[in-house]
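Everything on this sheet refers to the single structure shown next.
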């Protein structure tokens, strides 16, 4: 998965540096639905893939909701792998609007629910918790596909997870890196 993300990022940067004659987008009142993948290096092995919906209220303000399948791996004397769901809700604010891309900042909250299957006689364990994040992102559009936006986000987040068996908490901070593609529906603004 990491190789795919790195390859996509390299292609993304190369394509983004070439001008395709796309124009700045007024996405007011438009809804985009798409795919999002996330990695959180280097703190722990974490990855997620899921669907994402983004709605622009006006030219600068949007909200995004994401539902993902995620896996997380801890190493503490052994390796524990958990899988489950990650839900996120973010508010995005566009700070730069250029010919074929825009830059935005945002903040969000997220919910986590993971479980590990029992193996080698160990009991099944679950983790659940909430977190918050701050992010910055770039979304590109190309003239050949004017309703399709490709975005790259990075930032900081903190998640507090509670295991089912002992009730203690673990707080993890990471720098997530996300790649997404959204197809926007609705009438284009001129």
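Residue numbers (my numbering): 132 to 321. Here a beta-carbon is modelled for each residue, glycine too, at the ideal position from N, C-alpha and C. Treat the numbers as computed from the prediction; the structure is a model and nothing was measured.
Per DSSP, which residues does residue i bridge with? Please list them.
{"i": "residue 214", "result": "202 and 246"}
{"i": "residue 294", "result": "258"}
{"i": "residue 182", "result": "166 and 198"}
{"i": "residue 302", "result": "291"}
{"i": "residue 160", "result": "For residue 160, which the question treats as bridged, DSSP gives no partner whatsoever."}
{"i": "residue 230", "result": "Beta-bridge pairing links residue 230 to no other residue."}
{"i": "residue 241", "result": "219 and 262"}
{"i": "residue 225", "result": "235"}
{"i": "residue 319", "result": "According to DSSP, which records beta bridges pairwise, residue 319 is partnered with nothing at all."}
{"i": "residue 282", "result": "270 and 311"}
{"i": "residue 177", "result": "203"}
Tell whether a beta-carbon distance below 8 Å holds between residue i and residue j.
{"i": "residue 213", "j": "residue 247", "result": "yes"}
{"i": "residue 314", "j": "residue 161", "result": "no"}
{"i": "residue 280", "j": "residue 266", "result": "no"}
{"i": "residue 199", "j": "residue 167", "result": "yes"}
{"i": "residue 220", "j": "residue 193", "result": "no"}
{"i": "residue 282", "j": "residue 264", "result": "no"}
{"i": "residue 272", "j": "residue 156", "result": "yes"}
{"i": "residue 301", "j": "residue 289", "result": "no"}
With a 10 Å radius around its C-beta and 16 neighbouring C-beta atoms as the bar for buried, classify residue i as buried or exposed.
{"i": "residue 234", "result": "exposed"}
{"i": "residue 318", "result": "exposed"}
{"i": "residue 277", "result": "exposed"}
{"i": "residue 255", "result": "exposed"}
{"i": "residue 241", "result": "buried"}
{"i": "residue 275", "result": "exposed"}
{"i": "residue 299", "result": "exposed"}
{"i": "residue 307", "result": "buried"}
Quick test of your reading: residue i and residue j, contact by CB under 8 Å. State the CB separation rounded to the nearest angstrom.
{"i": "residue 245", "j": "residue 230", "result": "Contact flag wrong, Cβ pair sits at about 42 Å."}
{"i": "residue 237", "j": "residue 224", "result": "7 Å"}
{"i": "residue 171", "j": "residue 305", "result": "4 Å"}
{"i": "residue 309", "j": "residue 180", "result": "About 11 Å; that fails the 8 Å criterion."}
{"i": "residue 185", "j": "residue 215", "result": "Between residue 215 and residue 185 the Cβ distance is about 23 Å, and since that is not below 8 Å, they are no contact."}
Quick one: is the Cβ of residue i within less than 7 Å of any heavy atom of the ligand COA?
{"i": "residue 302", "result": "For the ligand COA, the structure offers nothing, since it holds no ligand at all."}
Query raised in the report: Okay, do the segment 292 to 305 and the segment 259 to 277 touch, 3+ Cβ pairs below 8 Å being the bar?
Result: yes
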